[in-house]
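S.K.: Take this structure, written in structure tokens, and hold onto it; I'll ask about it next.
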């Protein structure tokens, strides 16, 4: 199925990605080609087939609820591009 | 005698006997890296001082009579996708260029516990997405057998390092063939264990229901050694299997009596390179001459495997990679610049009287996500995020993701039926030998189709191994893929060893 540029733009926003108009054009063509290929799956009769989400279907795996040490705040923040020693810093979320 | 031409098993014996030291051995590999890696580009980073210091410490402990781990003193290269506390782990992405892992992945912890010497980090396709190691944000890796060709991918650095004698043992990861495909193209042995055999704790996620860590080396025995060092239950990964992994030991060298080797007619269809086909046919004949019974089997859904994979893997990737937001860790776009851009855009929209568009502009936070991701992720990673997001978006979920999960079960049923008739399945790893660097750059779909023979083992979760079975007239390695039922790594390794013992493809080294 061919994709439109509008669809690809919408998916870009959902993906939190930005593209130049040129990138958008080539991406639309590439994705269209790939989606066209995976449309092959439509041929397969899957009536009554249970979806298989995992290769090895384990039962629930549980653990005792025990407290263990984890990363310190300092360690957890160490890779943050912007932080103030207490938390991650982000742009204003609410309007100005 | 050159230490680096010996197998890891032999090196371990020499170290134990006191006939070589880990410092000597580690230095020998560092020298190999110094002379070859400028051409090959297998390593992203090495830390000679640290490696030598670790080797020295192991030598000292050995001299002091301490009991040592199973890989004591042997260098291991690690794909740059597994976390090591305090060290950079980049996934070959600008996004994680400066990331330092706050904890050890289970695989790295087990290598440390086995007293292996961590030699350095190998190159890969960014976030393990690709089949040629060309999607690395930092450098391409070249095939040691022909420097104008790619080593395959995504664990191309891991395979090239072993092929070029720059590491005896190497850790890779395999989501759709990323260990087996480069192993085949570089003429080394690589195994993807059963899904869940090796803990994924601290493995940077690509597609969580498919990702599996595994070993690469020059021989089946070395692959078994490294596998046994890293595999086994781990309470930190709930998908890690509870089954203990028993060492195969001397049994490895015993041929399997009455082995039934299957070959799928679908693996020898049109599009298979004639030299690859003939090498694989000869390998089958070799098995027959060793007393194995050959059985033709059928995998009727195999023609849907790539389509199934390229729905499921991107869906999981789009979800896993949502964590790269420019906030918690990784690359962040210039905030001041983007706030100014947004303000200017708003002003121009308002001036044009388009109040609706002005009000619907991204918030600075959303724009920060978008910019950070767009500036730091490469084209293939973006393509897969887009593909996955599309397939999971409302209105398409059932037609793509759910459908693919159903076909995945049918594929597994194909394999279950095959393994009712045979013990292992043998066939090609890829339809052609190593490709010219850049030859698939503009055709992502053609690149995806290279994964034709390898993705099924990931979708079905079964163990699979690639080992050298020939050379093209141009001298490029050809790989043989063996697949076995879930948890039958021992059978897989023994079947591989049986073939290896009868041939000498693994003894040749590339002409560097």
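Chains as they are written, first to last, in this note's numbering: chain A, 1 to 96; chain B, 1001 to 1512.
Every residue gets a Cβ at the ideal spot worked out from N, C-alpha and C, and that includes glycine.
A quick note: this is a predicted structure, and the numbers were derived from the prediction, not measured.
Please list the segments of the beta strand (DSSP E) lying wholly inside the stretch 1073-1102 of chain B, counting only runs of 3 or more residues, in order along the chain.
M.R.: Qualifying beta strand (DSSP E) stretches, in chain order: 1075-1079.
S.K.: Would you say residue 84/A reaches chain B, if we count a Cβ-Cβ gap shorter than 8 Å as a contact?
M.R.: Not closer than 8 Å to any Cβ of chain B, the Cβ of residue 84/A fails to qualify, so no.
S.K.: Jot down the residue ranges of each uninterrupted alpha helix (DSSP H) in the stretch 3-29 of chain A, minimum 4 residues, whole runs only, in chain order.
M.R.: With a minimum length of 4 residues, the continuous alpha helix (DSSP H) runs that stay inside the stretch 3-29 of chain A are 5-15.
S.K.: Strictly by DSSP, which residues pair up with residue 88/A?
M.R.: Answer is 83/A.
S.K.: Measure from the alpha carbon of residue 1441/B to the alpha carbon of each residue in 1406/B, 1378/B, 1428/B and 1499/B, then state which is nearest.
M.R.: Per the Cα distances, 1378/B.
S.K.: Residue 4/A touches chain B at which residues, Cβ-Cβ below 8 Å?
M.R.: In chain order: nothing, as chain B lies at least about 12 Å away.
S.K.: At what residues does the alpha helix (DSSP H) containing residue 1355/B begin and finish?
M.R.: Its alpha helix (DSSP H) spans residues 1355-1359.
S.K.: List the residues of chain A that residue 1099/B touches, going by C-beta distances under 7 Å, in chain order.
M.R.: Here the neighbours are 79.
S.K.: Residue 1362/B by DSSP, collapsed to three states: which one?
M.R.: If DSSP states are grouped into helix, strand and coil, residue 1362/B belongs with coil.
S.K.: Along the chain, where does the alpha helix (DSSP H) containing residue 1296/B start, and where does it finish?
M.R.: No alpha helix (DSSP H) contains residue 1296/B, which is instead part of the beta strand (DSSP E) from 1293-1297.
S.K.: State the beta-bridge partners of residue 1477/B as determined by DSSP.
M.R.: DSSP lists 1471/B as partners of residue 1477/B.
S.K.: For residue 1004/B, would you say it is in contact with chain A, using Cβ-to-Cβ distances shorter than 8 Å as the test?
M.R.: Judged by the 8 Å Cβ criterion, residue 1004/B is not in contact with chain A.
S.K.: Tell me whether the beta-carbon of residue 1299/B lies closer than 8 Å to the beta-carbon of residue 1491/B.
M.R.: No; because the gap between Cβ atoms is not below 8 Å, this pair is not in contact.
S.K.: Answer with buried or exposed for residue 1285/B, where buried requires no fewer than 16 other C-beta atoms within 10 angstroms of its C-beta.
M.R.: Residue 1285/B comes out exposed.
S.K.: Taking residue 1263/B as part of the beta strand (DSSP E), name the residues at either end of that continuous run.
M.R.: Looking at the DSSP string, the run of the beta strand (DSSP E) that includes residue 1263/B is 1260-1264.
S.K.: Considering only the beta carbon of each residue, do residue 1044/B and residue 1143/B sit closer than 8 Å?
M.R.: It is not a contact, given that the beta carbons lie outside the stated cut-off.
S.K.: Could you tell me the alpha carbon to alpha carbon distance between residue 41/A and residue 2/A, rounded to whole angstroms?
M.R.: Each residue's alpha carbon lies about 16 Å from the other.
S.K.: How many whole angstroms separate the CB atoms of residue 1076/B and residue 1015/B, which I take to be in contact at a CB cut-off of 8 Å?
M.R.: Residue 1076/B to residue 1015/B, Cβ: 14 Å. No contact.
S.K.: At least one CB of chain A closer than 8 Å to the CB of residue 1038/B: is that the case?
M.R.: No, its Cβ sits nowhere closer than 8 Å to a Cβ of chain A.
S.K.: Taking the CB atoms as reference points, tell me whether residue 1157/B and residue 1173/B lie closer together than 8 Å.
M.R.: Against a cut-off of 8 Å, the Cβ pair of residue 1173/B and residue 1157/B comes out as no contact.
S.K.: Could you tell me the alpha carbon to alpha carbon distance between residue 1329/B and residue 1496/B, rounded to whole angstroms?
M.R.: Straight-line Cα distance between these residues: approximately 42 Å.
S.K.: Just the Cα atoms here: how many angstroms apart are residue 1500/B and residue 1408/B?
M.R.: Their backbone Cα atoms lie some 32 Å apart in a straight line.
S.K.: The stretch 1284-1308 of chain B: which residues have C-beta closer than 9 Å to a C-beta of chain A, in chain order?
M.R.: Of all residues in the stretch 1284-1308 of chain B, 1301, 1303, 1304, 1306, 1307 and 1308 have a Cβ within less than 9 Å of some Cβ in chain A.
S.K.: Pop quiz: residue 1040/B and residue 1160/B are said to be a contact at Cβ under 8 Å. What is the actual Cβ separation, rounded to whole angstroms?
M.R.: Indeed, because the Cβ distance is near 5 Å, the residues count as touching under 8 Å.
S.K.: Strictly by DSSP, which residues pair up with residue 1332/B?
M.R.: In the DSSP output, where bridge partners are listed per residue, residue 1332/B has none listed.
S.K.: Check whether the Cβ atoms of residue 1206/B and residue 79/A sit closer than 8 Å, and answer yes or no.
M.R.: No, they are not a contact pair.
S.K.: Looking at residue 1120/B: is its Cβ nearer than 8 Å to the Cβ of residue 1152/B?
M.R.: Contact flag unset, no.
S.K.: Taking only beta-carbon positions, decide if residue 91/A is within less than 8 Å of chain B.
M.R.: Yes, contact with chain B.
S.K.: Taking the beta strand (DSSP E) that residue 1121/B falls in, what are its first and last residues?
M.R.: Unbroken beta strand (DSSP E) run through residue 1121/B: 1117-1122.
S.K.: Give the straight-line distance between the Cα atoms of residue 1072/B and residue 1232/B, rounded to the nearest whole angstrom.
M.R.: Between residue 1072/B and residue 1232/B, the C-alpha separation is close to 19 Å.
S.K.: Check the Cβ of residue 1386/B against every Cβ in chain A and list those closer than 8 Å, keeping chain order.
M.R.: The answer, in chain order, is 8, 11, 12, 15, 17, 27 and 31.
S.K.: Does DSSP classify residue 1414/B as helix, strand or coil?
M.R.: Three-state result, residue 1414/B: helix.
S.K.: Under 8 Å Cβ-Cβ, which residues of chain B neighbour residue 71/A?
M.R.: Residues of chain B passing the Cβ test: 1102 and 1103.
S.K.: Apart from the five residues on each side of it in sequence, which residues of its chain come closer than 7 Å, Cβ to Cβ, to residue 1268/B?
M.R.: Contacts found: 1277.
S.K.: Check the Cβ-Cβ distances between residue 63/A and every residue of chain B, and say whether any is below 8 Å.
M.R.: Answer yes: the Cβ-Cβ gap between residue 63/A and chain B drops below 8 Å somewhere.
S.K.: Does DSSP put residue 1172/B in a helix, in a strand, or in coil?
M.R.: Looking at residue 1172/B - three-state DSSP - the assignment turns out to be strand.
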